[in-house]
Amino acid sequence: MELPELTILAKQMQKEIAGRQISAVEVANPKCLNIPFEQFKNTLIEKTIKSVKNHGKWLFIAINQDYTLLFNPGMGADVIHFKEGTKLPEKHQIKLTLNDGSGFTIRVWWFCYLHLVPTNELSSHKLTARLAKTPLDQEFTIDYFRRLFNKRRGAIKNFILNQKNIAGIGNVYVQDILFNAKIHPKRKIPSLNDIEITNLYNSMKSVLKESIDHGGLAYERDFYGNKGGYDMKQFKIAYKPGKPCPLCGTEIEKIKTGATSSYICPQCQPLDD
Ligand SMILES: [Zn+2]
């Protein structure tokens with residue numbers, strides 16, 4: 005799950021659960037909690053969900069005025085809404101029931117964070133206090149983006165993936181983001197010129213917006229259990245090794261870039277320039 009999926013999910017959750025009271029809490033994977041389960045449950049029961057927003061890959065669920073429930077899906081999770089009497093997804097670790105009998109379940113693919121923090125202590129919650137801006141935030145202007153590169157020397161792809169620099173982009177969307185800007189993932193930041201940085205900025209916004217317009221990634225489910233419409237047809241070079249580049253026809257390559265894999269057109273995204 006990256007920024008588009010979390011943005012869509014937060015909007016749908018806001019519509020369905022905001023204003024409702026929590027009546028039951030189940031957590032089968034208490035390792036994801038920051039406090040003991042009993043305390044977690046007792047704090048939430050009979051409280052009202054005020055709002056649901058996302059910041060990058062984190063959901064911020066405001067509980068009354070005093071608490072914020074923070075959720076990060078890790079590698080991915082199915083967060084699925086249910087109405088009273090409907091069949092629940094068979095596999096889920098977390099379940100929140102609301103006072104009208106509706107609620108939601110969460111099935112976590114690998115690990116997740118589910119932290120309950122007093123809202124006035126959010127600034128000392130280590131994992132979220134210093135989250136960077138996302139490319140879809142209003143304050144994320146081209147000047148802001150340029151300033152992020154001040155005195156930075158590393159490879160551009162690692163920079164984009166580091167959530168301390170830019171929040172919300174993972175190894176899926178970064179592929180076409182770099183391809184659109186014709187930048188090799190291993191290019192060093194000081195080697196990028198102004199036009200490339202502008203192209204990269206525009207590419208980040210357009211790829212993320214296009215995915216939101218399509219309902220997010222095709223292998224992820226939204227709050228209603230529906231799969232997104234952003235699939236292989238939308239990808240330009242991502243996950244298409246051996247296929248022709250849509251711009252020049254050169255074979256797309258899969259390469260290792262540190263801990264991650266990258267897909268590139270060696271013609272459109274040269275390493276040496
Ligand atoms: Zn090409």
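Letter by letter, the sequence shown follows residues 5 to 277 in my numbering. The C-beta atom is built at its ideal place from N, Cα and C for all residues, glycine as well.
{"Query": "Could you check which residue in Cys36, Phe227 and Ile268 has the C-alpha nearest to that of lysine 247?", "Result": "Ile268"}
{"Query": "Could you please give me the residues that DSSP links to tyrosine 190 through a beta bridge?", "Result": "Correcting the residue type first, residue 190 is lysine in the shown sequence and not tyrosine. According to DSSP, lysine 190 bridges with nothing at all."}
{"Query": "Which of the three DSSP states, helix, strand or coil, is assigned to isoleucine 53?", "Result": "strand"}
{"Query": "Specify which residues have a beta carbon nearer than 6 Å to any heavy atom of ligand 1, listing them in chain order.", "Result": "Cys249, Leu251, Cys252, Thr254, Cys269, Gln271 and Cys272"}
{"Query": "Whose C-alpha, out of Gly89, Phe163 and Pro274, is nearest the C-alpha of asparagine 184?", "Result": "Pro274"}
{"Query": "What is the DSSP secondary structure of aspartate 180, counted as helix, strand or coil?", "Result": "helix"}
{"Query": "How big is the Cα-Cα spacing for cysteine 36 and serine 27?", "Result": "21 Å"}
{"Query": "Can you give the Cα-Cα distance for phenylalanine 227 and histidine 85, rounded to whole angstroms?", "Result": "5 Å"}
{"Query": "Would you kindly report the start and end of the unbroken alpha helix (DSSP H) that includes arginine 225?", "Result": "From DSSP, arginine 225 is part of no alpha helix (DSSP H); its letter is neither H nor E."}
{"Query": "According to DSSP, is phenylalanine 149 part of a helix, a strand, or is it coil?", "Result": "helix"}
{"Query": "Please report how far the alpha carbon of phenylalanine 41 lies from the alpha carbon of leucine 10, in whole angstroms.", "Result": "25 Å"}
{"Query": "Using a 10 Å radius around the Cβ and a threshold of 16 neighbouring Cβ atoms, would you call serine 207 buried or exposed?", "Result": "buried"}
{"Query": "Under 9 Å between the Cβ atoms of valine 56 and methionine 5?", "Result": "no"}
{"Query": "I'd like the ranges of any beta strand (DSSP E) spanning at least 3 consecutive residues and lying wholly in the segment 86–112.", "Result": "98–102 and 107–112"}
{"Query": "Within the chosen definition, does the segment 142–160 reach the segment 111–128 through at least 3 CB pairs nearer than 8 Å?", "Result": "no"}
{"Query": "Please look up how many angstroms separate the CB atoms of arginine 191 and alanine 159, rounded, as I've assumed it's under 8 Å.", "Result": "7 Å"}
{"Query": "Quick check on DSSP: helix, strand or coil for tyrosine 243?", "Result": "coil"}
{"Query": "Please name the residue, chosen from Leu135, Leu120 and Lys213, that lies closest to threonine 47 on a Cα-to-Cα basis.", "Result": "Leu120"}
{"Query": "Determine the closest residue to valine 178 out of Arg156, Arg157 and Tyr243, with distance taken between C-alpha atoms.", "Result": "Tyr243"}
{"Query": "In the structure shown, what three-state DSSP assignment does glutamine 25 receive?", "Result": "strand"}
{"Query": "Do threonine 123 and histidine 59 have their C-beta atoms within less than 9 Å of each other?", "Result": "no"}
{"Query": "Does the beta-carbon of lysine 61 have 16 or more other beta-carbons within 10 angstroms, so that it is buried, or is it exposed?", "Result": "buried"}
{"Query": "Helix, strand or coil: how does DSSP classify alanine 159 here?", "Result": "strand"}
{"Query": "Assess contact between the segment 231–240 and the segment 156–173, defined as three or more Cβ pairs (one per stretch) separated by less than 8 Å. Is contact present?", "Result": "no"}
{"Query": "Just to check my reading of the structure: isoleucine 187 and leucine 204 have Cβ atoms closer than 8 Å, yes? What is that Cβ distance to the nearest angstrom?", "Result": "6 Å"}
{"Query": "Using three-state DSSP, classify asparagine 206 as helix, strand or coil.", "Result": "helix"}
{"Query": "Rounded to the nearest angstrom, how far is the Cβ of glutamine 97 from that of alanine 32, given a contact under 8 Å?", "Result": "4 Å"}
{"Query": "DSSP state of phenylalanine 64, grouped into three classes?", "Result": "strand"}
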